[in-house]
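Asker:
In the UniProt record's numbering, the protein residues as written are 1 to 194.
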C-alpha cells in the first residue's frame, strides 16, 4: 500500500514537472498571451551595450535586436526611434552568459559514475523602464533566467555522461526572457489606457 502511494505521488510530480517545462519551452504562450488591442508605437531607447558571454554558442547583436523587435511586434507594439510617442521604453541592461564547467555525471539515483561532461550555467538579466510621457508614470521591469543544466547520464545505460550542451537553445531562452518583459510592458500600456 505504501509503495503504491509513493508511485502515485512520484507520477503526479513527474506530470507536474512536465507541464511546467512545456509551458516554458513554448515561449510562455500560456501565461504571456496578452497584447495591445491595436498597434501602439513605443520609443525604444537603448542605454546599454549588450553584455554577451556565451561559451561555444553564437548569437549576434543583430539577432538580439531582431528577437526584441519581433517579440514586441507579436504583442502589437512597434518599437521605433520616434521621440513623439506617448510611451518610452528604456533598455538599461541586457546581459546573457553561458558558462561551461567540467563536472562528474551522476546516475538516476544521484551516485557519481566517474564519467565527466560539461555542466552548463545560464544567466540572462534584462532591466528596463517603461514610461508614459503624458502623465510621467513609469515602471521598472526586471526579468531574467538563471539555470543550471547538470551533466546527466545516458538513459539506456545510466552510466555514460551526456553533455547538457545539446539541450541548450540560447535564442529560445532569450526569447522567453524578452517575452516576459514585453508582457509587463503591455500590462503597463493597457493600465494607462484605462
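We treat Cβ as the ideally placed atom computed from N, Cα and C, and that holds for glycine.
Does any residue of chain D have a CB that is nearer than 8 Å to the CB of residue 188?
Answerer: The structure shown contains no chain D; it is built from a single protein chain.
Asker: So which of 40, 149 and 122 has the shortest CA-CA distance to residue 73?
Answerer: 40
Asker: Report yes or no: do the stretch 117-125 and the stretch 142-149 share at least 3 C-beta pairs separated by less than 8 Å?
Answerer: yes
Asker: By a C-beta neighbour count over all protein chains shown, 10 Å radius and 16 as the cutoff for buried, is residue 75 buried or exposed?
Answerer: Taking all protein chains shown into account, residue 75 has 16 or more neighbouring C-beta atoms within 10 Å of its C-beta and is therefore buried.
Asker: DSSP three-state call for residue 47: helix, strand or coil?
Answerer: Residue 47: coil per DSSP, three-state reduction.
Asker: Once DSSP output is grouped into helix, strand and coil, what is the label at residue 107?
Answerer: Here residue 107 sits in coil by DSSP.
Asker: Could you compute how far the alpha carbon of residue 185 sits from the alpha carbon of residue 109?
Answerer: 44 Å
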